[in-house]
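Have a look at the structure below before the remarks.
2 protein chains.
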Amino acid sequence: MAENTSGDESLLFLTDEQVRKGIEAMFFAYRGFTADPDRILEDLDYGRAHHRAIHFIHRSPGTTVSNLLAILGVTKQSLNRVLRALIEQGLVRIEKGRVDQRERHLYLTDKGSTLERALSDAQRARMRAAYRAAGPQAVQGFRAVLEAMMDPEQRRQYQRLREGGP
Amino acid sequence: MAENTSGDESLLFLTDEQVRKGIEAMFFAYRGFTADPDRILEDLDYGRAHHRAIHFIHRSPGTTVSNLLAILGVTKQSLNRVLRALIEQGLVRIEKGRVDQRERHLYLTDKGSTLERALSDAQRARMRAAYRAAGPQAVQGFRAVLEAMMDPEQRRQYQRLREGGP
DNA sequence: TTGGAAAGTCAACAACGCTGACGTAAATTC
DNA sequence: GAATTTACGTCAGCGTTGTTGACTTTCCAA
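Quick note, the sequences are listed as chains A and B, same order.
Sequential numbering of the first sequence, starting at 1, is according to my numbering.
Sequential numbering of the second sequence, starting at 1, is according to my numbering.
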């Protein structure tokens, strides 16, 4: 890890090669990031799409289908296929909107919550270990760069979720 | 790495919710990370798999098929489909090994290099902007956390690339 | 009451993963 | 020199997850 430099020049003189390493780090790290949940899901015949739906329903209980569509950035046909499987298998339940009855509000069932817990325990364990290995300052930098890397619309979604905590 | 102890509570007291935000940041940022190359590839009827192959062939000219398999972590059938398209369309050329003639060494053609340049210019521009927005210290933290998040095998691959060659 | 938003569905398709089986050429081992 | 292993290519088939397009049902709101 030793090819830099004394201090702040590292920003001004970031070579293409150095930036490229950041790109490769994203590529390899994302594989690690998804590896543990993937192993759990495999046994249950679910995939990442199911994981993402479960994650964000857990995160925002009662969210609507269209809200979930906006967060996940997929088509409703694609989401619907996933959601149907989760509902049929009793992980997610639906509640018709009381104010606007066209809307479907989504909730995890107990069974769904159990899976969510297993998935996020695994993923958080790795994230936590990485944080610990890298140190507290690194964590802030990590989040700052990721946030800056998002599209404005994605950042908006992200920050909406963030509200309610540091 | 800066493992400073004067702010360590932030590590010790990281709540599940705080770690979860890191997870969501990865999710949203990865979308941004791939968005620009995806737009370019779309017009050319290529996908991310082609991008990855092109990236690593550029990175390690003359690399073999089996080396590329190890880096990308896919099956040879999957890689072969991608590679065949790239060769047919004149972006990649193959050279039989001179020492070991079973090996196929892979190189970008001029046409391939042109596309590689376009793709990585786009991706680097975003990465560079994120770095600039987040600041030099953040960049180090970003890389440190990502590296710690990788599987050991992935980290090995990553570090082999960092050392300036195959 | 009618226009349009929200949700759901059917059909078809593409990218890109996977497994399994088989073939060929070259290197290595016995 | 024969047998085995390695590196690569290919055929066939399948699953997940994304896409468009077209259509219906339900329901709010003007």
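Glycine is no exception: its CB is placed at the ideal position from the N, C-alpha and C atoms.
Requested in this report: Measure the alpha-carbon distance for R104/B versus H50/B and round it to whole angstroms.
Outcome: Note on geometry: alpha-carbon atoms of R104/B and H50/B lie some 18 Å from one another.
Report task. Could you check how far apart the C-beta atoms of R143/A and G22/B are, in whole angstroms? I think they sit under 8 Å. Result -> About 6 Å separates the two Cβ atoms, so the contact holds.
Query raised in the report: Since E24/B and Y158/A are thought to touch, with beta carbons under 8 Å apart, how far apart are those beta carbons, to the nearest angstrom?
Result: 6 Å between Cβ atoms; contact.
Query raised in the report: With 16 as the cutoff for other CB atoms within 10 Å, does R98/B come out buried or exposed?
Result: It is exposed - the Cβ of R98/B has fewer than 16 other Cβ atoms within 10 Å.
Query raised in the report: In terms of alpha-carbon separation, which member of R155/B, A148/B, A134/B lies closest to L146/A?
Result: Ranking the options by Cα distance to L146/A, first place goes to A134/B.
**Report entry** Environment of E3/B [buried if 16+ CB atoms lie within 10 Å]
**Finding:** Note that E3/B scores 43 on pLDDT, short of 50, meaning its location in the model is unreliable and no value can be drawn from it.
Report task. Please work out which residues of its chain come closer than 8 Å, Cβ to Cβ, to H55/B, disregarding the five sequence neighbours upstream and downstream, and give them in chain order. Result -> Listed in chain order, the non-local C-beta contacts of H55/B below 8 Å within the same chain comprise E116, L119, S120, local neighbours out to five positions each way being set aside.
Requested in this report: Note down, in chain order, all residues in the segment 137–155 of chain B with a beta-carbon under 8 Å from any beta-carbon belonging to chain A.
Outcome: For the segment 137–155 of chain B, which is checked against every Cβ of chain A, the residues closer than 8 Å are Q137, A138, V139, Q140, G141, F142, R143, A144, V145, L146, E147, A148, M149, M150, D151, Q154, R155.
Query raised in the report: For E95/A versus L106/A, is the C-beta distance shorter than 9 Å?
Result: A distance below 9 Å separates the beta carbons of E95/A and L106/A.
Query raised in the report: Would a C-beta distance cut-off of 9 Å place V92/B and G112/B closer than the cut-off?
Result: Going by C-beta atoms, V92/B is nearer than 9 Å to G112/B.
Report task. Could you check what DSSP says for Y46/B in three-state terms: helix, strand or coil? Result -> The answer is coil: DSSP assigns Y46/B none of H, G, I, E or B.
Query raised in the report: Can you tell me where the beta strand (DSSP E) with E147/B in it begins and where it stops?
Result: That residue, E147/B, is in no beta strand (DSSP E); its alpha helix (DSSP H) goes 136–149.
Query - Top-ranked residue by Cα proximity to T34/A, from A35/B, Y30/B, T34/B, D43/B - result: The shortest CA-to-CA distance from T34/A to any of A35/B, Y30/B, T34/B, D43/B is the one to Y30/B.
Query - Of the listed residues H58/A, M127/A, V74/A, nearest to V139/A (C-alpha basis) - result: Out of H58/A, M127/A, V74/A, M127/A has the C-alpha closest to the C-alpha of V139/A.
**Report entry** Distance, P136/A Cα to G141/B Cα
**Finding:** For G141/B and P136/A, the distance between alpha carbons rounds to 9 Å.
Query raised in the report: Helix, strand or coil: how does DSSP classify V74/A here?
Result: V74/A: coil per DSSP, three-state reduction.
Query raised in the report: So, is the C-beta of D16/A closer than 9 Å to a C-beta in chain B?
Result: Output row for D16/A: interface = yes.
Requested in this report: Starting from L161/A, trace the alpha helix (DSSP H) both ways and give me its first and last residue.
Outcome: Per DSSP, L161/A is one residue of the alpha helix (DSSP H) stretching across 152–162.
Requested in this report: Assign L41/B to one of three DSSP states: helix, strand, or coil.
Outcome: It is helical.
**Report entry** Contact check, V19/B vs R124/A, beta carbons under 9 Å
**Finding:** Yes; because the gap between Cβ atoms is below 9 Å, this pair is in contact.
**Report entry** Same chain only: Cβ atoms within 6 Å of V65/A, ignoring 5 sequence neighbours per side
**Finding:** Closer than 6 Å at Cβ, skipping near neighbours: R104.
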